[in-house]
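*Asks:*
Residue numbers (the UniProt record's numbering): 1 to 1131.
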């Protein structure tokens, strides 16, 4: 056996012993370091010789049990097998402490502490084991251990037994650890009840702080327990010497314990302390009608204690929402004190107050003490007790609604988000660039290596020699170039020469945070529909669509399968999953469905989403063509350049601005009417109001401009002593604040200009009030105020209210909810919807997600969580979501990569009822030859091509008689690819042939409408090569509309003609990532009238590894009427 660096033995060449631990009854245990992962583990080996049958049986039972059980409160098996010496071993997660050690230190627990830390996790683990028909049979303090975070784990399944199957046998029939296991022999029929006895014995030990040596001590401990401080009746039943009197299994015990715990905590008063900041108190005082801060503090405490409800917002972040009678308070538990710190206070709108309370836990015996901003916090207490009570209450509510369903997918998706967060923190993206140049207001970085637009984050950082970060937004990707928008360039020039762009963790973490919130909302039943969680846990339970039929003549533009599918979609009760291969008219179907749904259900509201702006705006534009612009709102972030210009008038900010203007005008009309009623000059009154509004706007504008100047100065400063990440986070946060203030300044300036314009229309009085001189303006205001006029006091109060309302209107984001509430169709990308806080308060009748196969489950849950019904449209045979997960890693030792990367299509489709699934098969985009190629190679021949050859573009048909042509370079000596820096490739020969094809097309199409041509390459270096050929030509190809890019950039797009450059040709038989079938499917299915593939067909036939080109070439060979190989023997 080898020796490690510390002198300890090394098992299996991998596990280096750090320390030997106290041996158990049948095993010796070592603390080891896994040299392959650097993790600390526990290595367990038999105490007896390897020939001992009982020891081998115990090890095999433990291994089988741990392989079967995957639960957060059961020790995780990392590895198993035999050592080089032939001994069995188990490698387990390292758990540093056990319950026996805590008891030896004199520790005891109150019931609430015990149930949160030990009791509930233990019964949950036992329930999970019993559901898998496994009994532990040896629960005791020594076998209950804790990880470094204090989470309980059940260990030592050496005498565990599956109740199903063979009999219990004699080997471990009398095994156990009295008095923590009952005295009777285990006959296999009451094994689960034995575990319940052990649970109660452990509970009694913790509640009394006594480690028992015999059954009499158990009996005396039980007699000494008070019914007021423990579930005495439950413990008595569990500790009965008759197995039949105990709960039959851990699930039954869990139900009884939950019921007791709720009753127990409801009867015990508890006070927590929250402290409010100066800023929040000031804002609250203003919201409560400009009260004094002291009054606002009293009202806040009174409001919370009159009707306290609460729920956990984010368990990892330790944030909680407290709902009072009229106030909604978000708090965060502080780590260094017993205090809760208030993060925000909002007025609870009456129409949603009841709904919010239904989602939260009622805390009848909890009171809240609210401290002033600077008050001492010495009296703060009970933070942990409150948190435990709230956790237990929410846990009970969740189990009661869903205790029989499995939440494996929720665990998996949460693990994926944790892994993404870990990757973003520890494995930063680094992109080397050779140079960076200015291009208008943007910067263009020429990078080394392959660029995948899907893999790039929203924000990148370049660190200056001074340490100050330059932060860029990613605008677009083309070949090896990234176009960036600088956010804080200021007086700094762009980097000269080579450099490195790095990911921005602060920006990258935002989408993950939004996904985590959506996942938690669904998991905790805070989604718009409680059916969503049930559906995700049990897809087979989905309700079938109603068969209502289509109104006569309602879908004149559709026929065939789309009519039948529309009928099903209109009757959807829960979910409908639609697979839509390329060219089958997904966009047409979705647009027509939206139009019909709103016509048939006049009060309905639809949330339309997609992972990509392209797919989303394809539908939005079709809705515009149907005259629906008045009912649509398009959600967007700051990346307006990604939105189709035809959809820009529909954006939320523009719609909100128009809504505010309408409200202001209605308010002015009302005031003019009131002025006339009391006999005052309506125009003079309007001048007074406009003048006051001008003063208010001017004052706020000056304040915001000062704040903007302060923020701009802070951004340019380098903080002393801060790390690089802290500096990036600080700068990003300041830039976000600066953007918000700058937007506020723009809004104020725009509103001020409108007010001044209105004053100028109001004659001489108005022009005088609009004077640049504040003193002259104020004099005119005083002259126009007529307090002695009859009814002036009433009118003045109305004016004051209106001015306050106008002031609120300036913060347009406050009215996003009102604008969204009036919209019948809200459209936004999956993650982009999470940018708008008001979306979280909306409820939609139907959610349609396009390109769902391109989104991860948690991204898809952002829109799904806000709707009552769902239609998901996608194609599992095209490009999946980009994944940065390690393909060889099992997440948290539970979730293989296939599960971690599965989309909702993958998860739901196999189990959904047949009536909840559909597939579009009538392909109308591609001409017959292309359509049949795509169908045969990628869709098992299931697609039916409707479009006829006679419909082909005449120029394409004349130059390319066959709909599919492979232009082979096999006969050319210069056919091989050339590797470029960063593992990307180009092929100059293929680029030359592509250009020749484009030239011929251009010449043949002169005088006609331009032909659209998609030129696609597998590699960014080849995209650059093709682009340089076009830029360097003496005569521009003006008869063509050419778009060149990589495959990923073309999903969701199409063109008259598609030219695909294979690029790869080498002696090593390497195809690179073109081995992936989905990628080639996307590349070859973009063209309507002609598909031209340029590449070395001999090479593509010869590659022995995974090779999607082989079936493509086989189809071409077997269909000479519509496909052809075109040889090039010279250039």
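Backbone N, C-alpha and C fix where the C-beta goes; we use that ideal spot for every residue, glycine too.
These figures come from a predicted structure and were not determined experimentally.
How far does the beta strand (DSSP E) with residue 967 in it reach, from first residue to last?
*Replies:* 964-968
*Asks:* Would residue 1132 be called buried (16 or more neighbouring beta carbons within 10 Å of its own) or exposed?
*Replies:* It is not possible to answer for residue 1132, since the shown part of the chain is limited to 1 through 1131.
*Asks:* Which runs of the alpha helix (DSSP H), 4 residues or longer, sit entirely within the segment 933-979?
*Replies:* Within the segment 933-979, the runs of alpha helix (DSSP H) that reach at least 4 residues and sit entirely inside it are, in chain order, 954-959.
*Asks:* Can you tell me which of the three DSSP states residue 28 falls into?
*Replies:* strand
*Asks:* Is the beta carbon of residue 445 sitting closer than 9 Å to the one on residue 470?
*Replies:* no
*Asks:* Can you tell which of 627, 472 and 1115 has its C-alpha closest to the C-alpha of residue 489?
*Replies:* 472
*Asks:* Can you list, in chain order, the residues of its chain with a C-beta nearer than 6 Å to that of residue 682? Leave out the 5 residues immediately preceding and following it.
*Replies:* 672, 675 and 676
*Asks:* I'd like the list of long-range same chain contacts for residue 122, defined as Cβ closer than 8 Å, with 5 residues on each side in sequence excluded.
*Replies:* If we look at residue 122 and ignore the five residues flanking it on each side, its Cβ neighbours are 73, 139, 144, 152, 154, 199 and 202.
*Asks:* Does residue 117 pass the burial test, meaning 16 or more other C-beta atoms within 10 Å, or should it be called exposed?
*Replies:* The residue is buried, with at least 16 neighbouring Cβ atoms inside 10 Å.
*Asks:* What are the residues that DSSP puts in a beta bridge with residue 870?
*Replies:* DSSP output for residue 870 lists 575 and 847 as bridge partner(s).
*Asks:* Just the C-alpha distance for residue 892 and residue 452, rounded to the nearest angstrom, thanks.
*Replies:* 28 Å
*Asks:* Have a look at the DSSP bridge pairing and note the partners of residue 472.
*Replies:* 460 and 486
*Asks:* Looking only at its own chain, which residues have a Cβ that is under 6 Å from the Cβ of residue 939, when we skip the five neighbours before and after it?
*Replies:* 581
*Asks:* In whole angstroms, what is the alpha-carbon distance linking residue 1021 and residue 1108?
*Replies:* So the two alpha carbons sit approximately 22 Å from each other.
*Asks:* Can you give the beta carbon distance from residue 34 to residue 41, rounded, assuming they're within the 8 Å contact cut?
*Replies:* 5 Å
*Asks:* If we ignore side chains and look at the alpha-carbon of each, how far apart do residue 19 and residue 30 end up?
*Replies:* 6 Å
*Asks:* Leaving out five residues before and five after residue 1027 in sequence, what residues of the same chain have Cβ atoms less than 7 Å from its Cβ?
*Replies:* Only 479 and 1044 meet the Cβ criterion.
*Asks:* Less than 9 Å between the C-beta atoms of residue 394 and residue 524, yes or no?
*Replies:* yes
*Asks:* Check each candidate in 14, 43 and 13 and name the one with the smallest Cα separation from residue 23.
*Replies:* 43
*Asks:* Give me the DSSP bridge partner(s) of residue 411.
*Replies:* DSSP, once it has assigned bridges, lists no residue as partnering residue 411.
*Asks:* Any chance you could list the alpha helix (DSSP H) runs of at least 4 consecutive residues sitting entirely within the segment 483-547, in chain order?
*Replies:* The DSSP assignment places complete alpha helix (DSSP H) segments of no fewer than 4 residues inside the segment 483-547 at 505-523 and 531-537, in order along the chain.
*Asks:* As an exercise, report each continuous alpha helix (DSSP H) stretch of at least 4 residues that is fully enclosed by the segment 566-637, in chain order.
*Replies:* The segment 566-637 contains these whole alpha helix (DSSP H) runs: 586-600 and 613-625.
*Asks:* Can you name, in chain order, every residue of its own chain whose Cβ lies under 7 Å from the Cβ of residue 853, other than the five neighbours on each side?
*Replies:* 874, 875, 876, 878, 880, 903 and 905
*Asks:* Which residues in the same chain have their Cβ closer than 6 Å to the Cβ of residue 843, if we skip the five residues on either side of it in sequence?
*Replies:* 528
*Asks:* Is it buried or exposed for residue 336, if we count other Cβ within 10 angstroms and need 16 for buried?
*Replies:* exposed
*Asks:* Using a Cβ-Cβ cut-off of 7 Å (strictly less than) and excluding sequence neighbours within five positions of residue 859, which residues of its own chain qualify?
*Replies:* 515, 611, 830 and 831
*Asks:* Quick one: Cα of residue 919 to Cα of residue 579, how far?
*Replies:* 5 Å
*Asks:* If we call anything under 9 Å between Cβ atoms a contact, is residue 827 one with residue 568?
*Replies:* no
*Asks:* Using a 10 Å radius around the Cβ and a threshold of 16 neighbouring Cβ atoms, would you call residue 761 buried or exposed?
*Replies:* Burial state of residue 761 is exposed, judged by a 10 Å Cβ sphere holding fewer than 16 other Cβ atoms.
*Asks:* I'd like to check one pair, residue 928 with residue 1122: are the Cβ atoms closer than 9 Å?
*Replies:* Residue 1122 is a Cβ neighbour of residue 928, given a cutoff of 9 Å.
*Asks:* Work out the CA separation of residue 707 and residue 769 for me, nearest whole Å.
*Replies:* 27 Å
*Asks:* Candidates 981, 1030, 1019 and 1037: which alpha carbon is nearest residue 1006's?
*Replies:* 1037
*Asks:* Thinking just about the alpha-carbon of each residue, which of 146, 1124 and 499 is nearest to the one in residue 76?
*Replies:* 146
*Asks:* Measure the C-alpha to C-alpha separation of residue 753 and residue 686 and round it to an integer number of angstroms.
*Replies:* Going by the C-alpha atoms only, they are around 16 Å apart.
*Asks:* Report yes or no: do the segment 290-310 and the segment 323-331 share at least 3 C-beta pairs separated by less than 8 Å?
*Replies:* yes
*Asks:* Tell me the start and end of each unbroken beta strand (DSSP E) in the segment 347-399 that is at least 3 residues and wholly inside, in chain order.
*Replies:* Entirely contained in the segment 347-399, the beta strand (DSSP E) runs reaching 3 residues are, in chain order, 366-371.
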